[in-house]
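Residue numbers (my numbering): 5 to 609.
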Amino acid sequence: MCGIIGIVGVEPVSGRLIETLRRLEYRGYDSAGVAGVVGGHVERRRAKGKIRELEAALAAQPLDATVGIGHTRWATHGAPSAGNAHPQTAGRVSVAHNGIIENFAALKAELQGRGRVFQSDTDTEVVAHLIDEGLAAGQEPMAALKAALDRLTGAYALAVLVEGHDDLVMGARRGSPLVVGYGEGEMFIGSDALAVGPFTKRIAYLEEGDHVAIDHGEARIFDAAGARVERPIQLVAASAALVEKGNYRHFMEKEIHDQPDACQHTLASYVDPIAGRAEAPGGFDFQAVDRLQILACGTAYYAGLIGKYLIESLAGLPVDVEVASEFRYREAAVSPDTLAVAISQSGETADTLAALRWCKERGLATAAVVNAHESSMAREAGVLWPTNAGPEICVLSTKAFTAQVSVLTALAIAAARQRGRIDEAEERRRVAILLEAPRLLAQALAVEDQVRAVSHLVARARDVLYLGRGAMFPLAMEGALKLKEVSYIHAEGYAAGEMKHGPIALIDEATPVVVVAPSDALFEKTLSNISEVMAREGPVILITDEAGAARAPPEAKLVVAPACDPLIAPLVFAVPLQLLAYQVGVFKGADVDQPRNLAKSVTVE
Ligand code: F6R
C-alpha cells in the first residue's frame, strides 16, 4: 500500500525523502513523488514506475528544500501515471495520501460546481481542493485541514504542505496508520516506524481520527473532536539494520533464511522450555470459549487453516476459518462464546480489521495474531498474540507465515492442556517437539540445491498443481500462492484426495504437480495420488522426508526435507515451498520483492 513521509528538516530533504521512499518500496507501488518548499513555493517532482525514475526527475531538476513530503503510490483511483502520482496539488496545498476517499466522486462534483478545476483522476485531489478552499476562505491551515477531514468518508493517512507556511507539515490518520518522529530540531511523519526509523528512534503512533502539525520544534496533535492531545513517545526497535538485505540478493531470500530466528523469537513468548509449558502471553482460558473464528486474508488465511487442523485435533476445540473479505459482509451466525482471532502480518489489512471490528461490535471476545505490534489490530483486539518475526519487507509473506503457524501450534498445545485433552507429561513432550522447530527450519534451508535442480521444471510450466493432505493441504495452497505471486505462473493447491473429483482433468506432461507429503499416517494415500498423476504423464516433484523418499516412485523428482514430528511439519515443509517459488521467480527474472500489482499491506478493500 502507499507509503508516506513528511520532513520538517534543517538540512536538504530530497535525498532523505528518496531514501525513505526506497525503504517504503516493500509496501508495493507503481509511481512515486516528492514535494518541497523552495523559496516560499511548493515544487513537485513525480514519476511513474520505480524510485529510480523519480531520482532521474530530481537529477534533471533538483529540489533544494529542507521541508518536504514524499509518497509511493499503489494505484486505486486513476491509472499509474506521473499525473496521478502524489503529491496532488490544488492552489496552495499539496497532499500525499494513503487510503481511499470513498465519497470523492460527490465531493469532486461539488468542488467542480464551485469552479474548481481538477488535474488528475485521483480521489486524493479532492482533499487538496477542500483544504485550499478553507485557506481561501481565511482559515488557518490546521482549521482548514480539520474542516476538510470532516467532509471525508473512507480511509486515509495524509501528509500536507501549504504554500506560505514554510516550516509546517500537517498529517492526519483514519483507517491508515501514521507515526510522528521526534528529531533534534527536526520532525517527521511517516507511514510506519520503518519510514522514520533511521532519522529518529523517538516515535508516537497517532490514534484513529488524529491530525497533527509538525514544525521544527514540536508536534501539535489533535483528536477527532479537535481537542489537543498527547500521544506517548516510544523508543522504537525498528532500527535501520533490520531492513537491510545483508548478503542476500532479495528480501524474500533473506526473510526465508530469517525463519529459524523468527520462529524462535516468536515461541519465546509462548513456550516455557524449562517447565515444558505452552501458554498464550498474559494467559488465556481456552475453556471459556466453545469455538474459534479465525479471520484473515491470503497467506495469513492459510496459516489459519493450518491452525484449524492443529487446534481441532489436539484440543478438540472447533475452529472456523474464513477469508475476512467474505466474513465481514455476509452476516455470519456466530455464537456468543466464540473467540474471534484475526491473523495478520501488518495488522492493518482493511478486510481483516473490519471483520475483527464486526466481531467486537457483537460482543465477541477478540484476539489478534499480529507481527506489527503497534498496528490497528494489535491495539484494537482484546488480546494481542504477537508474532516476533521482525519487519517483513518482501511483499510476499514468508517468515510472518511460519511465525503465525508457530503461534497457532503453541496455542493448540496450551488449549489441549487446559481442556484436559493432554496431561502435563504429554504437554512437555509436545513443547519439546515444538522447540525443535527453529533447528529443523534451519536444516530445511539446506534443501536449496535440491530445489534449484527442480525449479527449471516449474519455471517453464504454464500451470502447476500443488497437492497435500491434512495440514499439508493448506500448506499446498500457500505454496501455490507463493509461486503465483513471485513468478506469475498459474498455480493451484488442492487436497490430494480431491484431485480425482476434477483437477485430474488438467494433468498432462506439461503440468508439473508439486506434492507435499512427509512420511506420516497419510503418506500411503498420497502415494496413490502420485501414481494417478504419473499414469497421466504428469511430472511429479515430491517434497518429502528421507523415509518418504525411500518409498517414492523412481520417476518422481525429489526434494528431501528433514524428518520431523507431524506437529511441526507445516513449519518445516513451508521452507522448500518458499524456496521453490523464490528460485522460479529469480530464474524468470521477476521483480521478486515487489511483484506487479501487489501491495504489502492492503489497507483498502
Ligand atoms: C502473500 C501475502 C498476502 C498477505 C495478505 C494478508 O504472500 O503477502 O496474501 O498474506 O495480504 O496480509 P496481512 O497478513 O498483513 O493481513
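Backbone N, C-alpha and C fix where the C-beta goes; we use that ideal spot for every residue, glycine too. Being a predicted model, the structure only gives us computed values, none of them experimental.
Which residues DSSP lists as bridging residue i, in chain order
| i | result |
| --- | --- |
| residue 388 | 372 |
| residue 33 | Per DSSP, none; premise fails for residue 33. |
| residue 237 | 208 |
| residue 451 | Partner(s): none; residue 451 has no beta bridge. |
| residue 300 | 327 |
| residue 10 | 73 and 193 |
| residue 18 | Note: residue 18 sits in no beta bridge, so no partner. |
| residue 295 | 342 |
| residue 275 | 282 |
Residue i, DSSP secondary structure in three states
| i | result |
| --- | --- |
| residue 593 | coil |
| residue 265 | helix |
| residue 573 | helix |
| residue 244 | The predicted model places residue 244 with a pLDDT of 48, which falls under 50 and marks its position as unreliable, so this point remains unresolved. |
| residue 334 | coil |
| residue 39 | strand |
| residue 603 | coil |
| residue 281 | strand |
| residue 524 | coil |
| residue 317 | helix |
| residue 379 | coil |
| residue 393 | coil |
| residue 400 | coil |
| residue 108 | helix |
| residue 312 | helix |
| residue 257 | helix |
| residue 442 | helix |
| residue 27 | helix |
| residue 305 | helix |
| residue 587 | helix |
Limits of the unbroken alpha helix (DSSP H) element including residue i
| i | result |
| --- | --- |
| residue 102 | Run containing residue 102: none in the alpha helix (DSSP H); it sits in the beta strand (DSSP E), 97-105. |
| residue 51 | Looking at the DSSP string, residue 51 is not in any alpha helix (DSSP H); the run it does join, the beta strand (DSSP E), is 45-52. |
| residue 430 | 428-439 |
| residue 129 | 129-140 |
| residue 410 | 403-422 |
Exposed unless 16 or more other CB atoms sit within 10 angstroms - verdict on residue i
| i | result |
| --- | --- |
| residue 289 | exposed |
| residue 300 | buried |
| residue 431 | buried |
| residue 505 | exposed |
| residue 307 | buried |
| residue 406 | buried |
| residue 424 | exposed |
| residue 375 | buried |
| residue 157 | exposed |
| residue 236 | exposed |
| residue 116 | exposed |
| residue 600 | exposed |
| residue 550 | exposed |
| residue 214 | buried |
| residue 478 | buried |
| residue 165 | buried |
| residue 189 | exposed |
| residue 244 | Confidence at residue 244 is low in this model, with a pLDDT of 48, below 50, so the placement of that residue should be treated as unreliable; the coordinate-derived value is given next. Classification for residue 244: exposed. |
| residue 535 | exposed |
| residue 20 | buried |
| residue 209 | buried |
| residue 38 | buried |
| residue 154 | exposed |
For residue i, the first and last residue of its enclosing beta strand (DSSP E)
| i | result |
| --- | --- |
| residue 120 | Element bounds for residue 120: n/a, residue is neither H nor E. |
| residue 364 | No beta strand (DSSP E) contains residue 364, which is instead part of the alpha helix (DSSP H) from 354-365. |
| residue 348 | 342-348 |
Runs of alpha helix (DSSP H) wholly within the region 453-519 (minimum 4 residues, chain order):
Qualifying alpha helix (DSSP H) stretches, in chain order: 476-491.
Could I get the ranges of all uninterrupted alpha helix (DSSP H) runs contained in the region 145-231, with 4 residues as the minimum, in chain order?
145-155 and 197-200
Could you give the uninterrupted runs of the alpha helix (DSSP H) lying entirely in the region 54-100, keeping only those of 4 residues or more?
55-64
Quick check on the DSSP output: what are the complete beta strand (DSSP E) runs of length 3 or more inside the region 530-585, in order along the chain?
544-548 and 561-564
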